[in-house]
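Have a look at the structure below before the remarks.
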Amino acid sequence: MAQPSAGPTPHPHLAARAKGRRSDRFLAGLSSATRVVFVSHVQPDPDSLGSMWGLAHLTREKLRKPTLLTQDGGIFRAENRAMVELLGLDLIQVEAVKRQPGDAVVMVDSQPGTGRHSVNGPVTAVIDHHVTPGNLSGVHFSDVQPEVGATCTIVADYLFEQRVHIPRPLATALLYGIETELSGFPREGAAEDDDAVGRLYPLADKDLLAQIRHAPLPRSHFDVLSQALRTAAVYGKLVFAWVDPLGQPEQAAEVVDFLIRYEDVDWAVCGGVIGSKVVLSARAARANAGAGEMLAQAVGHLGNAGGHERRAGGCVVLPDCSPATLTAVRGELTRRIVSVFGEGRTSVPLVGGSGRTLGMAE
Ligand SMILES: [Mn+2]
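In the working numbering, the protein residues as written are 728 to 1089.
As structure tokens, this is what we get:
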């Protein structure tokens, strides 16, 4: 299918590896599919949403095949909901998709076998940037680049490489996906991310972007921050907070983004209870901190965890919701997190109060 010649030109560093370009191999791997279904991790974030949308657009433009964008679990963060609504993303709950014989499944921003998604069955292609390894056996095409800050960067490269016109809402989504992954300090970004930002920015709707960034926040956002401040305990270079209940699962991440700014710590970890789960989030104040591996080590057999060098998330499913179980799990998680990230067993409250020794008070 002929493409408009007015499309963007490939970046020089992409043109240099024109032989066997990844975007060509990605598209070739889908040539026999009758439909392409895009999946991502649970509670898809802007990077997942932008990546699915970008690859679906590429697939439709270059292969003229029908596509489906799915949503695994809920989208909770106010900014992410605003992104979906304002940019008009068309998502179907992943469990409502009836698999057809000619379907190809493309997973973005995650890898099979990481416990971060509810999709089962064969996956044709994986495009991701997480350090946490998955099971790629049986996957025909994989492009995993942990050094790149966002999956949206990889997807934007494919679109530029294939000279596909990027509509304004999609450019806005890709830009926001990259921006959210590169937020915080130290940046977990690469030259490829900055290239993509520079090329997407002129194409994006800056007013909508501002509206998404400053989406109105629910009251629970402030309630959770208030609780986190009251429970935040400092163990050496770790500040650890516990919130029960969270208003929505992604608030644990909002807490650690807030607490990691404390000048005397290198780590912020938050555990939050929502329904029958404990959601965990971790942030490092330093580069190359191995946050994903460390949180996975701390959580161990209790659940699963993973992520990037500076940012990580995890989940522990509670065997039941009794107060005794919750107390035991909280105690065990606290001990494990303090032993991996903290120093000593004695904590000092971040605000007010006096020091405590682990196990004395839960
Ligand atoms: Mn990502």
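The beta carbon of each residue, even a glycine, is placed where N, CA and C say it ideally should be.
Query - Continuous alpha helix (DSSP H) stretch holding N807: start and end - result: As a working note, residue 807 is residue 80 in the sequence shown. Segment A805 to L814, the alpha helix (DSSP H) holding N807.
Query - Cβ-heavy atom distance, D993 to ligand 1, below 6 Å - result: Indexing the sequence shown from 1 puts residue 993 at position 266. False, no ligand heavy atom lies under 6 Å from that Cβ.
**Report entry** Cβ shell of N807 (< 7 Å), same chain only, five flanking positions each side left out
**Finding:** Position 80 of the sequence shown, counted from the start, is the residue given in the question as residue 807. Within the same chain, N807 has close Cβ partners D772 and P773.
Query raised in the report: Do you know how far the Cα of P1050 is from the Cα of L930?
Result: Taking the sequence shown and counting its residues from 1, one reaches residue 930 at position 203. Taking the sequence shown and counting its residues from 1, one reaches residue 1050 at position 323. Approximately 52 Å, taken between the alpha carbons.
Query - Distance between D950 and S1066 (C-alpha atoms, nearest Å) - result: What you label residue 1066 is simply residue 339 of the sequence shown in a count that begins at 1. What you label residue 950 is simply residue 223 of the sequence shown in a count that begins at 1. Approximately 28 Å between the Cα atoms of the pair.
Query raised in the report: Which residues in the same chain have their Cβ closer than 6 Å to the Cβ of Q1024, if we skip the five residues on either side of it in sequence?
Result: The residue you call residue 1024 lines up with position 297 of the sequence shown. Only V1067 meet the Cβ criterion.
Query raised in the report: With respect to 6 Å, is the separation between the Cβ of D751 and the closest non-hydrogen atom of ligand 1 below this value?
Result: Against the sequence shown, residue 751 aligns to sequence position 24. Outside the cutoff, so no.
Query raised in the report: Under a three-way DSSP split, which group does I1064 fall into?
Result: Taking the sequence shown and counting its residues from 1, one reaches residue 1064 at position 337. Looking at I1064 - three-state DSSP - the assignment turns out to be helix.
Query raised in the report: Considering P1076, what are the terminal residues of the beta strand (DSSP E) in which it resides?
Result: The sequence position of residue 1076 within the sequence shown is 349, counting from 1. For P1076, the enclosing beta strand (DSSP E) stretches over residues T1073 to P1076.
**Report entry** With 16 other Cβ atoms within 10 Å as the buried cut-off, status of D920
**Finding:** Indexing the sequence shown from 1 puts residue 920 at position 193. D920 should be labelled buried.
Query raised in the report: Within 6 Å: the Cβ of E822 and any heavy atom of ligand 1?
Result: The count along the sequence shown starts at 1 and reaches residue 822 at position 95. For ligand 1, not one heavy atom lies less than 6 Å from the Cβ of E822.
Query raised in the report: Any idea if W969 is buried or exposed, counting beta-carbon neighbours within 10 angstroms, 16 or more meaning buried?
Result: Within the sequence shown, the letter at position 242 stands for residue 969. The residue in question, W969, is buried, as its Cβ has 16 or more Cβ neighbours within 10 Å.
Query - Within 7 Å, strictly: CB atoms of L796 and A809 - result: Within the sequence shown, numbered from 1, the residue matching residue 796 stands at position 69. Within the sequence shown, numbered from 1, the residue matching residue 809 stands at position 82. The answer is no: Cβ separation not under 7 Å.
Report task. With a threshold of 6 Å, establish whether the CB of D774 neighbours any heavy atom of ligand 1. Result -> Sequence index remark: in the sequence shown, residue 774 carries index 47 (1-based). True, at least one ligand heavy atom lies under 6 Å from that Cβ.
Query raised in the report: CA-CA distance, I1064 and V833?
Result: The residue labelled residue 1064 in the question sits at position 337 within the sequence shown. The residue labelled residue 833 in the question sits at position 106 within the sequence shown. So the two alpha carbons sit approximately 34 Å from each other.
Query raised in the report: Should the segment 881-889 be called in touch with the segment 750-758, which here means at least 3 C-beta pairs below 8 Å?
Result: yes
Query - D870: CB within 6 Å of a non-hydrogen atom of ligand 1 - result: If you number the sequence shown from 1, residue 870 lands on position 143. No, the beta carbon of D870 sits no closer than 6 Å to any heavy atom of ligand 1.
Report task. Mind listing, in chain order, the continuous beta strand (DSSP E) runs of no fewer than 3 residues lying wholly within the segment 758-843? Result -> 762-766, 794-798 and 830-835
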